[in-house]
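A.B. asks: Protein chains in written order, with my numbering: chain A, 1 to 106; chain B, 1001 to 1117.
In structure tokens:
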């Protein structure tokens, strides 16, 4: 069964803008991971945040976690056309949310 | 350097004709997973192997089976494909098994897209 739910389902922005995607989950977690999937390809791991962390950065990525609300957000700053992909969150039982499809227009 | 390899990338089969998808890994990881992903949907975990131990998800249809003859290879067998089984099938690995707070990053193959005619 699906654990995480992403919001929005689709997001379209201009290059250079920031993109924020949200993920909500149902049960308690120890870790939450974000993955990226280019069209027709496998998933690539982006970043992991542990349940005792509130925020984590990796390059242009910023992830926050609010365990009281059972939610996480992924922020991509200064977006590029190459960031166009689907983004999924996954809880520590390896179940994925529905994903956010991000389109970055050049 | 490919780490998780899936062959073929595209597979066409006929309704009811058994089909096997293959996955191999060069990471020497203990765990291998199979996911089904339909268009615009999340990957759905079908089952996983922790070494030789097979773990089936409760809602995976009996039509789907898996084999792992050795550490490097894992196969997905669809015994009688139906039109609803057309999807992308993703193989993934992780060093160790998830659960109990263990941190496991998955490494995915490029997927095999299955068409059922």
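Ideal placement from N, C-alpha and C gives every residue a C-beta, glycine not left out.
Please list the segments of the beta strand (DSSP E) lying wholly inside the stretch 1043 to 1076 of chain B, counting only runs of 3 or more residues, in order along the chain.
C.D. replies: Within the stretch 1043 to 1076 of chain B, the complete beta strand (DSSP E) runs of at least 3 residues are 1044 to 1050, 1053 to 1056 and 1064 to 1067.
A.B. asks: Below 8 Å on the Cβ atoms is my contact criterion, and I expect residue 1035(B) with residue 1090(B) to pass it. Report the Cβ-Cβ distance as a whole number of Å.
C.D. replies: Indeed, because the Cβ distance is near 4 Å, the residues count as touching under 8 Å.
A.B. asks: Quick one: Cα of residue 105(A) to Cα of residue 80(A), how far?
C.D. replies: If I take the Cα positions, the gap works out to 8 Å.
A.B. asks: Are residue 41(A) and residue 1111(B) close, meaning C-beta to C-beta below 8 Å?
C.D. replies: Contact: yes.
A.B. asks: In the structure shown, what three-state DSSP assignment does residue 82(A) receive?
C.D. replies: The answer is helix: DSSP assigns residue 82(A) an H, G or I state.
A.B. asks: Leaving out five residues on either side along the sequence, give the residues of the same chain with a beta carbon under 6 Å from the beta carbon of residue 1065(B).
C.D. replies: These residues qualify, in order along the chain: 1077.
A.B. asks: Just list the beta strand (DSSP E) runs in the stretch 3 to 36 of chain A, keeping only unbroken ones of 3 residues or longer that don't cross its boundaries, in chain order.
C.D. replies: Listed in chain order, the complete beta strand (DSSP E) runs (minimum 3 residues) inside the stretch 3 to 36 of chain A are 4 to 7, 10 to 14 and 19 to 25.
A.B. asks: Flag this pair as touching only if the stretch 1019 to 1039 of chain B and the stretch 1066 to 1086 of chain B have three or more C-beta atom pairs under 8 Å; answer yes or no.
C.D. replies: As far as the Cβ criterion goes, the stretch 1019 to 1039 of chain B touches the stretch 1066 to 1086 of chain B, which means the pair count is three or higher.
A.B. asks: So with Cβ pairs under 8 Å, would you call residue 59(A) a contact of chain B?
C.D. replies: Not an interface residue.
A.B. asks: Using 8 Å as the threshold, is the C-beta distance between residue 1080(B) and residue 1063(B) below it?
C.D. replies: Cβ atoms of residue 1080(B) and residue 1063(B): closer than 8 Å.
A.B. asks: Helix, strand or coil: which one does DSSP assign to residue 93(A)?
C.D. replies: The answer is coil: DSSP assigns residue 93(A) none of H, G, I, E or B.
A.B. asks: For residue 21(A), go through chain E and note every residue whose CB falls closer than 9 Å to its CB, in chain order.
C.D. replies: Checking the listed chains, one finds no chain E in this structure; the protein chains it contains are A and B.
A.B. asks: What number of angstroms, rounded off, separates the C-alpha of residue 1040(B) from the C-alpha of residue 53(A)?
C.D. replies: Approximately 30 Å, taken between the alpha carbons.
A.B. asks: Give me the residue from 16(A), 17(A), 24(A) and 15(A) with the minimum Cα distance to residue 9(A).
C.D. replies: The shortest C-alpha separation from residue 9(A) is found at 24(A).
A.B. asks: Just by C-beta distance, which residues in the stretch 43 to 56 of chain A are closer than 8 Å to chain B?
C.D. replies: Flagged, chain order: 43, 44, 45, 48 and 50.
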